[in-house]
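**Student:** To start, I am sharing the structure in question, which I have written as structure tokens.
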Amino acid sequence: MTPKSIGLVVLMIFFALAGGYALTRGQTIDDSVTVTQGTADLTDSRVTEQLMRLDGTWRFQSSLLERVDRESYRQIPHVTPHKMATYEADISLPAGQYALRVPRNHPHVNLLIDGETVSPVYASTDEDPRHAYLVLLDTRTPTFRLTIQTAETNELSTGISDSLLIGPTSNMMTYHNQYFSYEFVIILISLLIFSFYAIVWLFHRKESLYLYGAAFFFLVSVSLMTSDQMIVFEIVPMMSYVFAHKLNLMTALLSVAMLINFALRLERVPFRHFLKYASYPLYAFSLIALVLPEDAHATFDQFPWVYVLFITFFWTGLNINWLFERKDDGYPFEFLVFTISLIIGYVGQLINVLIDHPNQELYTSVMSLIYFLLMFTLLPIHLSTDKRQKREVQTFAKQSEISFFNAQIKPHFLYNTFGNVIALCYTAPTEAARLLSHLSTYVRFIFENGRTETDISLGQELDVIDSYLMIEQTRFNDAFTITKDIDESVLNASIPPLLLQPLVENAVQHGLMKQTGIKRLMLSVQSSDDAIEIRIADNGIGFNPAPHLRRSNGIGIPNVKNRIDFIPGATFKLNSEPGVGTHVHIRLPKRERMNEQHAHDLD
């Protein structure tokens, strides 16, 4: 990376940390136990300065009562197997204005203060109890009895699964509004990025990167909206809690799978198979989340997220290691921004899943906001990288055309071949005619395909390789043996012209011809699922492959490698050892060639 890129990364990390601190400063929640055996005396606490949780042992009875009349206690948060329950605590506050925040995501909660039902604020409709989030307390009653009645529904079990919050009205309103603002901004950013990728994909449908990017951000948007019932019930009032919860978990898991597919197309990494196979269980978890009964979700929900944490941990580590290995190659800055986003997303999930923290909800929202802001910065970076890659492809195509056209037909190759033809005309005219036919096929193919952008069939490429090897065998008096293993089912597959022939020529000219003793050349073309596996090996003198792989111009191995790098889903591997030989492994995606006739067809 350049110093400019490093500076930008440092600046992004600084703003991410500073933004997280600024967003959470002054919004911490005290995690001390405030309720003991149904009594919470907060007169000497810091409740005048910050929010506090009403956690602890509340008086409890498994029936709906205006007042609990026996000394039975339950620890809140609490879920009970009873169909109905009443929780009660005596609260004492110092003078001031206070508000109470009811656990979200809990329907049919009835609150009573000193036996009188209280009305919540921030409810979209007075008739809908699902929006009971905030209750303003009477300043004239610093000491009161708080009673909470809950009843089992076909949606949720009985109990209070989250903590109640109490604190100054101003702090509570700030916390409430900030949390809602974080959620709203995150959803807005997700929808904006989804729109961008969806529109770009409509114009570039062959680029699956944009499709998976659009799918990821759409699923994230749906997951975020269904995670906060205050939002989803405003949009779809008829939606049930059960369906909202299942939809939330299913879309969240599918979004991780889409993110993996997006990353696989963002940059070609050596651990792509790990990511590919790691995404499969996410689809299974999503299906289970959809069909699993609601009462089993309390146990099941942790397993998918622990698995996601496992994937993200190794994924992040592999990304960092790969970035250090390819710091001077490729486009690591774009991938580095993605990796930083991944780290922040991982920390956010760690807080949300494994760390029981009083500020868990707020910190998770802030981490999510920073994560999506970083993902938003990927848009201009990705566009800039895409344009630069296209310019380099065009420049490279022009250079490749000139290199192949001018350098592929070497003068000494023609002189020696014509000399062999002349000699054979006196001793073996039939053999001379056959050699001349192969030379004509080879030269015609080089001239007509060395400057074209039209793909050819794999069979045509193998035909010209046969012609080339026949010529070389004649020139060097069958000095080497050839072993071929060709799967004929892939002969009609489409490949760029002159993709394999330069590698075969390199094996013969620079490997076998400089070797003493038995000389062998192996060519294998096999079908493998949705790809073609091609191997070219020789037992020649071998060489150090590093300088050849680092070069970005020239003909032969660098040219072929660079051309393969621009084929989506293709890979190029070169192994060579001095004194042992060279092995080239190419994996190309299967693409059937259209039945069209071109000037360069050999048939």
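Residue 1647 in the working numbering sits at position 301 of the sequence shown, with consecutive numbering throughout.
Backbone N, C-alpha and C fix where the C-beta goes; we use that ideal spot for every residue, glycine too.
Note that the coordinates shown come from a computational prediction; the quantities given were computed from them, not determined experimentally.
Scan the segment 1428-1462 and note each continuous beta strand (DSSP E) run of 3 residues or more that stays entirely inside, going in chain order.
**Tutor:** You should have 1430-1438, 1444-1447, 1455-1459.
**Student:** Since S1840 and E1938 should fall inside the 8 Å C-beta cutoff, what is the C-beta to C-beta distance between them, to a whole number of angstroms?
**Tutor:** If you number the sequence shown from 1, residue 1840 lands on position 494. If you number the sequence shown from 1, residue 1938 lands on position 592. Confirmed, about 6 Å.
**Student:** Within the same chain, show all residues whose beta-carbon is closer than 6 Å to that of L1458, passing over the 5 residues directly before and after it, in chain order.
**Tutor:** Residue 1458 sits at position 112 when you count from the first residue of the sequence shown. For L1458, where only same-chain residues beyond five positions count, the Cβ hits under 6 Å are T1493.
**Student:** Pull up the DSSP beta-bridge partners for Q1495, would you.
**Tutor:** The residue given as residue 1495 occupies position 149 in the sequence shown. DSSP lists T1432, N1456 as partners of Q1495.
**Student:** Please report the distance separating the alpha-carbon of A1603 from that of N1908.
**Tutor:** Counting from one through the sequence shown, the residue named residue 1603 turns up at place 257. Counting from one through the sequence shown, the residue named residue 1908 turns up at place 562. Using only the alpha carbons, I get a separation of about 30 Å.
**Student:** In its own chain, which residues sit with a C-beta less than 6 Å from the C-beta of D1949, not counting the 5 before and 5 after it?
**Tutor:** What you label residue 1949 is simply residue 603 of the sequence shown in a count that begins at 1. Interpretation of D1949 is limited by its pLDDT of 44, a score under 50 that renders its predicted location unreliable; the figure taken from the coordinates is listed afterwards. Nothing meets the Cβ criterion.
**Student:** Can you say whether L1845 is buried or exposed, counting buried as having 16 or more other CB atoms within 10 angstroms of its CB?
**Tutor:** Numbered from 1 along the sequence shown, position 499 holds the residue referred to as residue 1845. It counts as buried.
**Student:** Measure from the alpha carbon of F1563 to the alpha carbon of each residue in F1549, V1546, V1588, I1535, then state which is nearest.
**Tutor:** The residue given as residue 1563 occupies position 217 in the sequence shown. Comparing Cα-Cα distances from F1563 to each of F1549, V1546, V1588, I1535, the minimum goes to I1535.
**Student:** Of the residues K1860, S1541, G1925, T1382, which one's Cα is nearest the Cα of I1422?
**Tutor:** Translated into positions along the sequence shown, residue 1422 becomes position 76. I1422 has its Cα closest to that of T1382, out of K1860, S1541, G1925, T1382.
**Student:** If you scan the segment 1597-1651 from start to end, which runs of the alpha helix (DSSP H) of 4 or more residues do you find wholly inside it?
**Tutor:** 1618-1637, 1643-1646, all fully within the segment 1597-1651.
**Student:** Just the C-alpha distance for A1469 and V1481, rounded to the nearest angstrom, thanks.
**Tutor:** The count along the sequence shown starts at 1 and reaches residue 1469 at position 123. The count along the sequence shown starts at 1 and reaches residue 1481 at position 135. Any reading at A1469 is ruled out, since the residue's pLDDT is 44, under 50, leaving its predicted position unreliable.
**Student:** What's the C-alpha gap between N1957 and E1923?
**Tutor:** The first residue shown for the chain is 1347 and the last is 1949, placing residue 1957 beyond what the model contains.
**Student:** Classify D1959: buried if its beta carbon has 16 or more other beta carbons within 10 angstroms, exposed otherwise.
**Tutor:** The question about residue 1959 has no answer, for the chain in this structure spans 1347 to 1949.
**Student:** Starting from L1555, trace the beta strand (DSSP E) in both directions and tell me its first and last residue.
**Tutor:** Here residue 1555 refers to the residue found at position 209 of the sequence shown. Taken as a continuous stretch (DSSP letters only), L1555 belongs to no beta strand (DSSP E), being part of the alpha helix (DSSP H) at 1554-1573.
**Student:** Going by C-alpha distance, which of L1599, M1430, A1590 is nearest I1506?
**Tutor:** If you number the sequence shown from 1, residue 1506 lands on position 160. Ranking L1599, M1430, A1590 by Cα distance to I1506 puts M1430 first.
**Student:** Which of helix, strand or coil does DSSP assign to S1847?
**Tutor:** Numbered from 1 along the sequence shown, position 501 holds the residue referred to as residue 1847. The identity of residue 1847 in the sequence shown is Gln, whereas the question assumes Ser. Three-state result, Q1847: helix.
**Student:** In the DSSP assignment, what are the bridge partners of A1883?
**Tutor:** Taking the sequence shown and counting its residues from 1, one reaches residue 1883 at position 537. Answer by DSSP bridge pairing, in chain order: M1868, H1929.
**Student:** Determine the direct distance from the alpha carbon of L1849 to that of G1927, and round the result to whole angstroms.
**Tutor:** Along the sequence shown, one-based indexing puts residue 1927 at 581. Along the sequence shown, one-based indexing puts residue 1849 at 503. Between G1927 and L1849, the C-alpha separation is close to 13 Å.
**Student:** What is the rounded straight-line gap between the Cα of A1825 and the Cα of A1883?
**Tutor:** As a first step, residue 1825 must be located in the sequence shown, where it is residue number 479. As a first step, residue 1883 must be located in the sequence shown, where it is residue number 537. Distance between the alpha carbons of A1825 and A1883: 16 Å.
**Student:** Mind checking whether M1398 and R1392 have CB atoms under 9 Å apart?
**Tutor:** In the sequence shown, residue 1398 corresponds to position 52, counting from 1. In the sequence shown, residue 1392 corresponds to position 46, counting from 1. Against a cut-off of 9 Å, the Cβ pair of R1392 and M1398 comes out as a contact.
**Student:** On the criterion of 16 or more Cβ atoms from any shown chain inside 10 Å, does I1932 qualify as buried, or is it exposed?
**Tutor:** Against the sequence shown, residue 1932 aligns to sequence position 586. Buried.
**Student:** Between I1828, T1787, T1862, V1448, which lies nearest to S1509 when the distance is taken from Cα to Cα?
**Tutor:** Taking the sequence shown and counting its residues from 1, the one referred to as residue 1509 is at position 163. Nearest C-alpha to S1509: V1448.
**Student:** CA-CA distance, Q1524 and N1517?
**Tutor:** Residue 1524 sits at position 178 when you count from the first residue of the sequence shown. Residue 1517 sits at position 171 when you count from the first residue of the sequence shown. Each residue's Cα considered, the two are about 10 Å apart.
**Student:** Does DSSP put H1910 in a helix, a strand or coil?
**Tutor:** Along the sequence shown, read from residue 1 onward, the residue named residue 1910 stands at position 564. Rather than His, the amino acid found at residue 1910 in this sequence is Ile. I1910: helix per DSSP, three-state reduction.
**Student:** CA-CA distance, V1568 and S1554?
**Tutor:** The residue labelled residue 1568 in the question sits at position 222 within the sequence shown. The residue labelled residue 1554 in the question sits at position 208 within the sequence shown. The straight-line gap from Cα to Cα measures roughly 21 Å.
**Student:** Which residue or residues does DSSP assign as beta-bridge partners of W1661?
**Tutor:** Taking the sequence shown and counting its residues from 1, one reaches residue 1661 at position 315. Its beta-bridge partners do not exist; DSSP assigns none.
**Student:** Find out if the Cβ-Cβ distance for the pair S1418, A1386 is shorter than 9 Å.
**Tutor:** Here residue 1418 refers to the residue found at position 72 of the sequence shown. Here residue 1386 refers to the residue found at position 40 of the sequence shown. For S1418 and A1386, no; Cβs fall outside 9 Å.
**Student:** Roughly how many angstroms separate the alpha carbons of Y1814 and T1787, rounded to a whole number?
**Tutor:** For this step, residue 1814 is matched to residue 468 along the sequence shown. For this step, residue 1787 is matched to residue 441 along the sequence shown. Rounded to whole angstroms, Y1814 to T1787 spans 9 Å at the Cα level.
**Student:** Let's test the definition: count the other Cβ atoms within 10 Å of the Cβ of L1633 and tell me whether it reaches 16, buried, or not, exposed.
**Tutor:** To locate residue 1633, count along the sequence shown from 1; it is residue 287. Burial call: exposed.
**Student:** Note down the Cα distance separating T1800 from L1781, rounded to an integer number of angstroms.
**Tutor:** Counting from 1 along the sequence shown, the entry for residue 1800 is found at position 454. Counting from 1 along the sequence shown, the entry for residue 1781 is found at position 435. C-alpha separation (whole angstroms): 28 Å.
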